[in-house]
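**Q**
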């Protein structure tokens, strides 16, 4: 199906879906279109973030929106993440639908208090009387020496907080559909994007549509091993599958799309068939989402496992700057493929 | 505004009594240990909530803190669900999921309260932003203490409210103690309002135990805000008679000198104002007794309602985590 198709680069799109007359958009353009349509269709939607009206337009994802919708709908704000997150949450409590945009996910810890103590809990603390329809976009950087404070994938830090939803869309189709679903969801949603996804092209319908939060998607069917891949790791998993295919290993790829709520059913169903699981995350392993998914598999599908669950994640160190160290730091298709070979005894 | 009519005076007294009598009831019943929620009492500070809320309309917003009882009651929150919340009942304003520190009654603009110090200002400014973006003539009143004024969120909120000329009323209740830390141990300058002035927000500073002084200051503030000129900051110096949490005084523990408490108790906002209105012949002792009796009737009815309400069932644990 074109909307679940993952294509590694633009030419691949043009040679396949593009030929069928389907519209291809980059991930950034899909985000831009989602936000444009949300702003056009709902007066309670507004965007805020540091420098979102800059010439760069948050890597192109907000380009031109300030000029089109004006400073009351697309707000540049002071560098005051925690206070402004609370302000966005307060507006949401009073019926607005703010989308708070951080150019780097590394800035989210600045607003931990308002996200964790306030936005996540307001609906519960008020007995369901006052919900917080707040979306917080943030972008994970990588490469070019971005180093320890400009390339963290921190979704795991928030994954243990009831009341938050966490989206990690990997395709342009999901970027648009999940952005629209997140804004309409009525709960605080952390929308985690990876900078390296921005240029990927995929089929994106022109009309508004929602991709429901909490539904995983199978990116590739396979018999021998399940690879649960998050965000950018979906593409690494696809590359790994192409290597493994030649070696007679048929891997299945599950993209959870949201890590809270987590679609356990789809993951468990797949692992029950293949008997082997690898979880590939863009973050570190310790205390993270990959361990959580591994625990779910161990608790609920232990008797179906033919081999231990394996995880692919970052080493337990802050991100280094040197290009030679970056190469060591980031695992990819080769590491996923090696894990699959090990699990399959090849 | 420099005039206040008889009805408004009586209203101020009634608002203060509402807050005071409600909390005196808590003090009386708390030792029974069946009210299983930490209570942060407002006794001694009632003039601030009364004088400010007297100018707020039903649709105006209020954001408050762990010490929120007085603000909610003076804004007109429904008493029965509040008492039921104190007893953790299903009929509580938060279905027994919030407790004393998270009272809510959105029908009168009370959009929830936070127990994280410094949390009320950003949320309240967000409400003011929502009102402004929608073109509504609403004021968002934000109550916080001297302790919260040291939080970055308060500074950030003041700055953004000023930048965007938002209809936010910042009400700083300086009761001189953050838990039991004295103001002089925490703040280099007792004039907290100057921080707002530094951000181009008009600000005033006065004693907060004189309810008419509070009333006139709040009148100037609310008029300024409603005319679209942006936020306003009021610093009221007042005094909390009880410890940070619980029904007892804390001087026995060495948290403050007893003489200091005695001195402020002589300046009780409620009894002082009651005596003033009687001496001005605005009312009589008998009429005040009637007001008290009327309030107590409501308080007792709320207590009865709460105590005969059911507890939430176990199925409630996972409800309301998400909308």
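Chains as they are written, first to last, in our numbering: chain F, 1 to 346; chain Y, 1001 to 1323. Heads up, the beta-carbon is just placed ideally off N, CA and C, and yes, glycines get one too.
1. For residue 82(F) and residue 148(F), I'd like the C-alpha separation in whole angstroms.
2. With a cut-off of 8 Å on the beta carbons, I'd call residue 201(F) and residue 13(F) a contact; round off their distance for me.
3. I'd like to confirm the pairing. Which residues does DSSP put opposite residue 321(F) in its beta bridges?
4. Residues of chain Y with CB closer than 9 Å to the CB of residue 89(F), please, in chain order.
5. Give the single residue among 1118(Y), 1086(Y), 1230(Y) whose Cα lies nearest to the Cα of residue 1173(Y).
6. Which residues of chain Y have a Cβ atom closer than 8 Å to the Cβ of residue 46(F), listed in chain order?
7. Starting from the Cα of residue 1049(Y), find the closest Cα among 1275(Y), 1238(Y), 1292(Y) and give me that residue.
8. What residue from 333(F), 57(F), 340(F) has the CA that sits closest to residue 248(F)'s CA?
9. To the nearest angstrom, how far is it from the Cα of residue 196(F) to the Cα of residue 18(F)?
10. At the level of alpha carbons, what is the spacing between residue 39(F) and residue 26(F)?
11. Inspect the CB distances between the stretch 1109-1128 of chain Y and the stretch 1066-1083 of chain Y and report whether three or more fall short of 8 Å.
12. Suppose the cutoff is 8 Å on Cβ atoms and the five residues either side in sequence are ignored; what does the same chain contact list for residue 1035(Y) look like?
13. Quick one: which chain F residues come within Cβ less than 8 Å of residue 1102(Y)?
14. Measuring CB atoms only, is the stretch 1010-1020 of chain Y touching the stretch 1275-1287 of chain Y, in the sense that at least three cross pairs come out at less than 8 Å?
15. Are the CB atoms of residue 213(F) and residue 246(F) within a distance shorter than 9 Å?
16. I want to verify the contact list: residues of chain C whose CB lies under 8 Å from the CB of residue 1206(Y), in sequence order.
17. Which residues of chain Y have a Cβ atom closer than 7 Å to the Cβ of residue 114(F), listed in chain order?
18. Quick check: what's the CA-CA separation for residue 171(F) versus residue 1054(Y)?
19. Beta-carbon within less than 8 Å of residue 146(F)'s beta-carbon, same chain only, minus the 5 sequence neighbours each way: which residues are those?
20. Looking at chain Y, is there any beta carbon in it that lies within less than 9 Å of the beta carbon of residue 341(F)?
21. Quick one: is residue 221(F) near chain Y, going by C-beta distance under 9 Å?
22. Taking residue 194(F) as part of the beta strand (DSSP E), name the residues at either end of that continuous run.
23. Need the endpoints of the alpha helix (DSSP H) that residue 341(F) sits in, please.
24. Measuring only the C-alpha atoms, how far is residue 163(F) from residue 1320(Y)?
25. Quick one: using the 10 Å Cβ neighbour count with 16 as the cut-off for buried, is residue 1311(Y) buried or exposed?
26. For residue 1174(Y), which beta-bridge partners are listed by DSSP?
27. Assign residue 298(F) to buried or exposed, taking buried as 16 or more other Cβ atoms, counted over all protein chains shown, within 10 Å of its Cβ.
28. Smallest Cα separation from residue 1307(Y): which of 1096(Y), 1002(Y), 1066(Y)?
29. Give me the chain Y residues within the contact set of residue 72(F), using Cβ-Cβ distance strictly less than 8 Å, ordered along the chain.
30. Under 9 Å between beta-carbons, which chain Y residues line up against residue 182(F)? List them in chain order, please.
31. Along chain F, in chain order, which residues have C-beta atoms closer than 7 Å to that of residue 1094(Y)?
32. Grab me the residues of residue 1248(Y)'s own chain with a C-beta within less than 8 Å of its C-beta, minus the 5 sequence neighbours each way, in chain order.
33. Residue 203(F) bridges to which residues according to DSSP?
34. Taking 9 Å as the CB-CB cut-off, is residue 249(F) touching chain Y?
35. With the cut-off set at 9 Å, would you say residue 238(F) and residue 219(F) are in Cβ contact?
**A** According to the data block:
1. Against the first chain, residue 82(F) aligns to sequence position 82. Against the first chain, residue 148(F) aligns to sequence position 148. Rounded to whole angstroms, residue 82(F) to residue 148(F) spans 21 Å at the Cα level.
2. Taking the first residue of the first chain as 1, we reach residue 201(F) at position 201. Taking the first residue of the first chain as 1, we reach residue 13(F) at position 13. Going by Cβ atoms, the distance from residue 201(F) to residue 13(F) rounds to 4 Å, so yes, they are a contact pair.
3. Working through the first chain from its first residue, we reach residue 321(F) at position 321. Residue pairing by DSSP leaves residue 321(F) without any beta bridge partner.
4. Position 89 of the first chain holds residue 89(F). Within chain Y, the residues 1122, 1123, 1126 have their CB atoms less than 9 Å from the CB of residue 89(F), given in chain order.
5. Position 173 of the second chain, counted from the start, is the residue given in the question as residue 1173(Y). The residue with the shortest Cα to Cα distance from residue 1173(Y) is 1118(Y).
6. Counted from its first residue, the first chain places residue 46(F) at position 46. Close partners of residue 46(F) in chain Y (Cβ separation under 8 Å): 1133.
7. For the purposes of this step, residue 1049(Y) is identified with residue 49 of the second chain, where counting begins at 1. Nearest to residue 1049(Y) by alpha-carbon distance, out of 1275(Y), 1238(Y), 1292(Y), is 1238(Y).
8. Position 248 of the first chain, counted from the first residue, corresponds to residue 248(F). Ranking the options by Cα distance to residue 248(F), first place goes to 340(F).
9. Working through the first chain from its first residue, we reach residue 196(F) at position 196. Working through the first chain from its first residue, we reach residue 18(F) at position 18. Looking at the two C-alpha atoms, the distance is approximately 22 Å.
10. Numbered from its first residue, the first chain carries residue 39(F) at position 39. Numbered from its first residue, the first chain carries residue 26(F) at position 26. Distance between the alpha carbons of residue 39(F) and residue 26(F) is about 20 Å.
11. Flag = yes, the stretch 1109-1128 of chain Y and the stretch 1066-1083 of chain Y touch.
12. By one-based count along the second chain, residue 1035(Y) stands at place 35. Scanning its chain for C-beta atoms nearer than 8 Å, with the 5 sequence neighbours on each side dropped, one finds around residue 1035(Y) the residues 1026, 1029, 1086, 1087, in chain order.
13. The sequence position of residue 1102(Y) within the second chain is 102, counting from 1. Simply 125, 126.
14. Yes, since at least three Cβ pairs between the stretch 1010-1020 of chain Y and the stretch 1275-1287 of chain Y fall closer than 8 Å, the two stretches touch.
15. As a first step, residue 246(F) is located in the first chain; it is residue number 246 there, counting from the start. As a first step, residue 213(F) is located in the first chain; it is residue number 213 there, counting from the start. Between residue 246(F) and residue 213(F), the gap from beta carbon to beta carbon reaches 9 Å or more.
16. Chain labels in this structure do not include chain C; the protein chains are F and Y.
17. Counting from 1 along the first chain, the entry for residue 114(F) is found at position 114. The contacting residues are 1122.
18. If you number the first chain from 1, residue 171(F) lands on position 171. If you number the second chain from 1, residue 1054(Y) lands on position 54. Distance from the CA atom of residue 171(F) to the CA atom of residue 1054(Y), rounded to whole angstroms, is 54 Å.
19. Working through the first chain from its first residue, we reach residue 146(F) at position 146. The answer, listed in chain order, is 319, 321.
20. Along the first chain, one-based indexing puts residue 341(F) at 341. No, residue 341(F) lies away from the interface with chain Y (no Cβ there is under 9 Å from its Cβ).
21. By one-based count along the first chain, residue 221(F) stands at place 221. So, not an interface residue.
22. Counting from one through the first chain, the residue named residue 194(F) turns up at place 194. 189-194 is the extent of the beta strand (DSSP E) around residue 194(F).
23. In the first chain, counting from the first residue as 1, residue 341(F) sits at position 341. Element bounds for residue 341(F): 333-343.
24. Along the first chain, one-based indexing puts residue 163(F) at 163. Along the second chain, one-based indexing puts residue 1320(Y) at 320. Answer to the nearest angstrom: the Cα atoms are 9 Å apart.
25. By one-based count along the second chain, residue 1311(Y) stands at place 311. Taking every protein chain shown into account, the CB of residue 1311(Y) has fewer than 16 other CB atoms within 10 angstroms, so this residue is exposed.
26. Here residue 1174(Y) is taken as the residue at index 174 of the second chain, counted from 1. The secondary-structure analysis by DSSP pairs residue 1174(Y) across a beta bridge with 1237(Y).
27. The sequence position of residue 298(F) within the first chain is 298, counting from 1. Flag for residue 298(F) reads exposed.
28. For the purposes of this step, residue 1307(Y) is taken as the residue at position 307 of the second chain. The shortest Cα separation from residue 1307(Y) among 1096(Y), 1002(Y), 1066(Y) belongs to 1096(Y).
29. Locating residue 72(F) in the first chain gives position 72, where the first residue counts as 1. For a Cβ distance threshold of 8 Å, residue set 1133 of chain Y lies close to residue 72(F), ordered along the chain.
30. By 1-based counting over the first chain, the position of residue 182(F) is 182. Result: empty, since nearest Cβ-Cβ is about 13 Å, beyond 9 Å.
31. For the purposes of this step, residue 1094(Y) is taken as the residue at position 94 of the second chain. Around residue 1094(Y), the beta-carbon contacts reaching into chain F at under 7 Å are 125, 126, 127.
32. As a first step, residue 1248(Y) is located in the second chain; it is residue number 248 there, counting from the start. Same-chain partners within the cutoff: 1242.
33. On the first chain, position 203 is the one that residue 203(F) refers to. Looking at the DSSP assignment, residue 203(F) forms a beta bridge with 24(F).
34. Along the first chain, one-based indexing puts residue 249(F) at 249. Among the CB atoms of chain Y, none fall inside 9 Å of the CB of residue 249(F).
35. Translated into the one-based positions of the first chain, residue 238(F) becomes position 238. Translated into the one-based positions of the first chain, residue 219(F) becomes position 219. Less than 9 Å divides the Cβ of residue 238(F) from the Cβ of residue 219(F).
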